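Chemist: Can you keep this structure in mind? I'll have questions shortly.
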Amino acid sequence: MERRRTSSAVVRRLTGLLAAGLLVAAVTGLIKLGEPHVPTLSLLVLYLLAVLPIAIFWGTPLAVVTAVLSVWAYAYFFVSPLHSLLLADAQNAIGLGVFLVTAVVVGELAARLRRAALEAQRLSNEQSALRRVATQVARAVAPSVLFTAVTEEVGRLCGADLARMERYEPDGTVTGVAAWSRVPAHLAVGERFDLDGLSIAREVRRRAGPIRLDSFAGASGAIAQEAQTIGIRSSIGCPVTVGGRLWGVVAASKTNDIPFPAATEAQIAGFTELVATAIENAEARAELMASRARVVVTADRTRRQIERNLHDGAQQRLVSLALRLQTAQTKVPPELSELTAELDQVHGGLTDALDELRETARGIHPAILAEGGLSPALKSLGRRSTIPIRLTLRAQPRLSERLEASAYYFVSEALTNAAKHSQASLVVVTTDITGDALRVEIRDNGQGGADFSRGTGLLGLRDRVEALGGRLNLDSPRGAGTTLTAEFPLTGS
Ligand SMILES: Nc1ncnc2c1ncn2[C@@H]1O[C@H](COP(=O)(O)OP(=O)(O)OP(=O)(O)O)[C@@H](O)[C@H]1O
Ligand SMILES: [Mg+2]
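Read in numbering that gives the first Met the number 0, the sequence shown has 16 at position 17, and its numbers run on one by one without any break.
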């Protein structure tokens with residue numbers, strides 16, 4: 000491989016030499032044309048036209064060669080004795096010397112300018128690519144979209160022919176999560192690979208850092224064989240580290256032997272850091288969702304437990320007390336009318352307390368929700384509403400317990416708000432299953448102006464809906480009623 004790299008450098012140098020010869024010859028011809036009209040020594044400067052492009056495209060060493068060639072050509076064709084490299088007069092010798100130095104200095108400057116321009120271009124490309132990826136991270140796009148975007152950006156920026164991203168699995172394998180290539184190649188995405196043979200992922204894990212591979216020739220293992228089929232030669236791999244643990248690897252490969260520039264690892268690191276940030280964000284979001292869901296579920300379970308305790312405990316005792324009182328009343332002699340009246344009052348008070356307790360228990364968690372499901376529970380809620388209500392309940396099938404509870408409390412709080420704040424003459428409650436979501440809408444024709452920042456009820460609703468991965472929408476323009484819509488996904492809730 001070293002030999003191949005040397006031979007391509009030799010070809011490049013030979014092409015440069017040929018270009019230098021042609022350019023010097025062309026300028027010599029030009030000077031020949033101007034010779035009868037202009038002093039030839041002043042035309043010497045035209046050789047810079049040959050030196051400059053060579054300096055820009057082939058660098059300073061070849062520019063020096065071109066300058067020397069130019070001086071020879073000038074001495075040979077234009078300085079007496081003609082067709083000889085000897086210089087008879089000192090003036091010409093000094094002129095040629097000055098030209099030589101000037102050409103070398105100008106050539107070196109031009110070469111440096113070119114290098115600076117290329118570096119600036121590279122940096123600007125890198126910054127643009129990083130910005131594009133950072134925007135996607137900020138937008139929290141789906142991980143698969145981000146992985147694909149990063150893999151393509153890395154591939155293009157490094158001048159690679161192929162790039163891929165792989166995730167380390169707990170069982171010691173890797174899964175391809177994204178791939179990009181500019182050559183016809185099938186790179187498996189979504190498939191798992193063993194790391195038993197040579198592979199970039201295995202080397203990155205072993206070294207716990209970036210690695211370079213020059214060849215897969217003769218190597219065994221599924222990945223190495225795939226690499227051989229595609230014709231991968233020069234490769235580079237960089238780790239993706241999330242919260243201190245090795246999460247995956249980004250690899251770029253070429254089908255030629257020209258090594259990646261020295262700065263490539265640092266370049267790729269900028270992208271792997273963004274990928275790590277996105278993964279950390281996604282994991283934090285998932286944890287937050289799960290913990291919100293746990294809070295909601297725990298709160299609902301507690302309400303249900305309180306309702307059961309009230310029902311089976313205090314409520315039952317009051318019922319049996321009322322029955323015993325009734326029995327006792329029958330035993331009171333008719334002449335004790337005052338006592339009878341007193342006991343009647345106690346019985347009435349006991350029945351009121353029982354009703355109140357039932358009502359409280361229903362407010363905490365209606366038993367009918369667990370027994371009959373969402374629609375019967377909403378109907379019972381509607382019957383107790385203090386403002387006129389119209390129910391359109393199309394969500395018939397039984398849903399998961401926490402989804403039914405969330406939808407019920409959602410309607411319950413929205414109805415309480417409508418009664419408390421809206422001054423509406425009608426509230427319309429609609430439930431529907433659309434696609435894979437339960438849609439619940441409460442619309443009133445009141446004064447509008449509902450605002451999340453003025454209480455805890457609406458905020459609690461948003462938490463409740465989002466905890467189940469749903470979306471809450473509030474539309475409440477002043478003077479034009481309030482519509483609260485919640486969409487709960489049916490899957491996972
Ligand atoms: N249907 C509605 N019509 C008009 N205004 C509303 C409606 N619902 C809510 N609002 C307004 O939005 C505010 C916030 O409602 P939110 O339910 O968060 O708080 P609250 O009802 O005032 O108190 P709580 O925290 O006990 O629920 C209310 O104070 C009220 O001004
Ligand atoms: Mg409220």
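The beta carbon of each residue, even a glycine, is placed where N, CA and C say it ideally should be.
Values in this document were obtained by computation on a predicted structure and should not be read as measured data.
Look up Ile-210 in the DSSP assignment and give the residues it is bridged to.
Modeler: Position 211 of the sequence shown holds residue 210. Answer is Gly-236, bridged to Ile-210.
Chemist: In whole angstroms, what separates the C-alpha of Ala-89 from that of Phe-77?
Modeler: As a working note, residue 89 is residue 90 in the sequence shown. As a working note, residue 77 is residue 78 in the sequence shown. C-alpha separation (whole angstroms): 15 Å.
Chemist: For the beta strand (DSSP E) holding Tyr-46, just list the boundary residues, first then last.
Modeler: Here residue 46 corresponds to residue number 47 of the sequence shown, with the count starting at 1. Here Tyr-46 belongs to no beta strand (DSSP E), and DSSP marks it neither H nor E.
Chemist: Judging by CA-CA distance, which residue of Glu-107, Thr-150, Leu-156 is the nearest neighbour of Ser-127?
Modeler: Walking along the sequence shown from the start, residue 127 turns up at place 128. Nearest C-alpha to Ser-127: Leu-156.
Chemist: Where do the ends of the beta strand (DSSP E) carrying Ser-252 lie?
Modeler: Locating residue 252 in the sequence shown gives position 253, counting from the first residue. Here the beta strand (DSSP E) through Ser-252 covers 244-252.
Chemist: Can you find the residues in the same chain that come closer than 7 Å, C-beta to C-beta, to Phe-487, ignoring five residues on each side of it along the sequence?
Modeler: Taking the sequence shown and counting its residues from 1, the one referred to as residue 487 is at position 488. The residues are Leu-402, Ser-405, Ala-406, Ala-436, Leu-437, Val-464, Leu-467, Gly-469.
Chemist: My parser needs the alpha helix (DSSP H) runs of 4 or more residues fully inside the segment 133-183; what are they?
Modeler: Qualifying alpha helix (DSSP H) stretches, in chain order: 142-156.
Chemist: For Leu-95, which residues in the same chain have their Cβ closer than 6 Å to its Cβ, ignoring the five residues on either side in sequence?
Modeler: Residue mapping note: residue 95 aligns to position 96 of the sequence shown, counting from 1. Excluding positions up to five away in sequence, the list reads Val-70.
Chemist: Closer than 7 Å by C-beta to Gln-266: which residues in its own chain qualify, once you throw out the five before and the five after it? Chain order, please.
Modeler: The residue you call residue 266 lines up with position 267 of the sequence shown. Cβ neighbours of Gln-266 beyond the five flanking positions: Glu-125, Leu-156, Cys-157.
Chemist: Take the Cβ of Ser-123 as the centre, count every other Cβ of all protein chains shown within 10 Å, and call the residue buried at 16 or more, exposed below.
Modeler: On the sequence shown, residue 123 is found 124 positions in, with the first residue counted as 1. Ser-123 comes out exposed.
Chemist: Could you check whether the Cβ of Asn-308 sits closer than 7 Å to any heavy atom belonging to ligand 1?
Modeler: Taking the sequence shown and counting its residues from 1, one reaches residue 308 at position 309. Outside the cutoff, so no.
Chemist: Would you check if there are 3 or more beta carbon pairs closer than 8 Å linking the segment 375-393 to the segment 277-292?
Modeler: In short, these stretches do not touch, since the Cβ pair count stays below three.
Chemist: What do you reckon, is the C-beta of Arg-303 under 7 Å from a heavy atom of ligand 1?
Modeler: Counting from 1 along the sequence shown, the entry for residue 303 is found at position 304. No; taking the cut-off as 7 Å, the Cβ of Arg-303 has no heavy atom of ligand 1 nearer than that.
Chemist: For Pro-488, report the span of its beta strand (DSSP E) as first-last.
Modeler: Your numbering for residue 488 matches position 489 in the sequence shown. Counting along the chain, the beta strand (DSSP E) containing Pro-488 begins and ends at 481-488.
Chemist: Quick one: residues in its chain with C-beta nearer than 8 Å to the C-beta of Asp-170, no 5 flanking neighbours on either side, listed in chain order?
Modeler: Position 171 of the sequence shown, counted from the start, is the residue given in the question as residue 170. Cβ neighbours of Asp-170 beyond the five flanking positions: none.
Chemist: State the start and end residues of the unbroken alpha helix (DSSP H) segment that holds Glu-272.
Modeler: Working through the sequence shown from its first residue, we reach residue 272 at position 273. 263-309 is the span of the alpha helix (DSSP H), which, as asked, contains Glu-272.
Chemist: Comparing alpha-carbon positions, which option in Tyr-167, Ala-159, Asp-450, Asp-354 lies nearest Leu-194?
Modeler: For the purposes of this step, residue 194 is identified with residue 195 of the sequence shown, where counting begins at 1. For Leu-194, the nearest C-alpha among the options comes from Tyr-167.
Chemist: Quick check on the burial criterion: 16 or more other C-beta atoms within 10 angstroms. Buried or exposed for Lys-31?
Modeler: Taking the sequence shown and counting its residues from 1, the one referred to as residue 31 is at position 32. Answer is exposed; the Cβ neighbour count stays below 16.
Chemist: On the criterion of 16 or more Cβ atoms from any shown chain inside 10 Å, does Gly-243 qualify as buried, or is it exposed?
Modeler: As a working note, residue 243 is residue 244 in the sequence shown. Its Cβ having fewer than 16 others within 10 Å, Gly-243 is exposed.
Chemist: Does Ile-441 pass the burial test, meaning 16 or more other C-beta atoms within 10 Å, or should it be called exposed?
Modeler: Stepping through the sequence shown from its first residue, residue 441 is reached at position 442. Answer is buried; the Cβ neighbour count reaches 16.
Chemist: With distances taken between CB atoms, is the gap from Pro-60 to Leu-22 smaller than 8 Å?
Modeler: Numbered from 1 along the sequence shown, position 61 holds the residue referred to as residue 60. Numbered from 1 along the sequence shown, position 23 holds the residue referred to as residue 22. No. Outside cutoff.
Chemist: How many whole angstroms separate the CB atoms of Val-203 and Pro-238, which I take to be in contact at a CB cut-off of 8 Å?
Modeler: Walking along the sequence shown from the start, residue 203 turns up at place 204. Walking along the sequence shown from the start, residue 238 turns up at place 239. That belief holds up - the Cβ atoms of Val-203 and Pro-238 are roughly 5 Å apart, short of 8 Å.
Chemist: Quick check on Phe-259: does DSSP put it in helix, strand or coil?
Modeler: Taking the first residue of the sequence shown as 1, we reach residue 259 at position 260. Looking at Phe-259 - three-state DSSP - the assignment turns out to be coil, as it is neither helix nor strand.
Chemist: Check each candidate in Val-26, His-36, Val-104, Asp-450 and name the one with the smallest Cα separation from Val-63.
Modeler: The residue you call residue 63 lines up with position 64 of the sequence shown. Val-63 has its Cα closest to that of Val-104, out of Val-26, His-36, Val-104, Asp-450.
Chemist: Assuming Tyr-46 and Ala-92 are in contact, meaning their beta carbons sit under 8 Å apart, how far apart are those beta carbons, in whole angstroms?
Modeler: As a first step, residue 46 must be located in the sequence shown, where it is residue number 47. As a first step, residue 92 must be located in the sequence shown, where it is residue number 93. Not quite, the Cβ-Cβ distance comes to about 16 Å (not below 8 Å), so this is no contact.
Chemist: Which stretch, first to last residue, makes up the beta strand (DSSP E) that contains Asp-431?
Modeler: Here residue 431 refers to the residue found at position 432 of the sequence shown. Run containing Asp-431: 426-433, per the beta strand (DSSP E) assignment.
Chemist: Please work out which residues of its chain come closer than 6 Å, Cβ to Cβ, to Ile-367, disregarding the five sequence neighbours upstream and downstream, and give them in chain order.
Modeler: The residue labelled residue 367 in the question sits at position 368 within the sequence shown. The answer, listed in chain order, is Pro-375, Ala-376, Ser-379.
Chemist: Roughly how many whole angstroms lie between the Cα atoms of Leu-324 and Thr-339?
Modeler: Along the sequence shown, read from residue 1 onward, the residue named residue 324 stands at position 325. Along the sequence shown, read from residue 1 onward, the residue named residue 339 stands at position 340. Roughly 11 Å separates the two Cα atoms.
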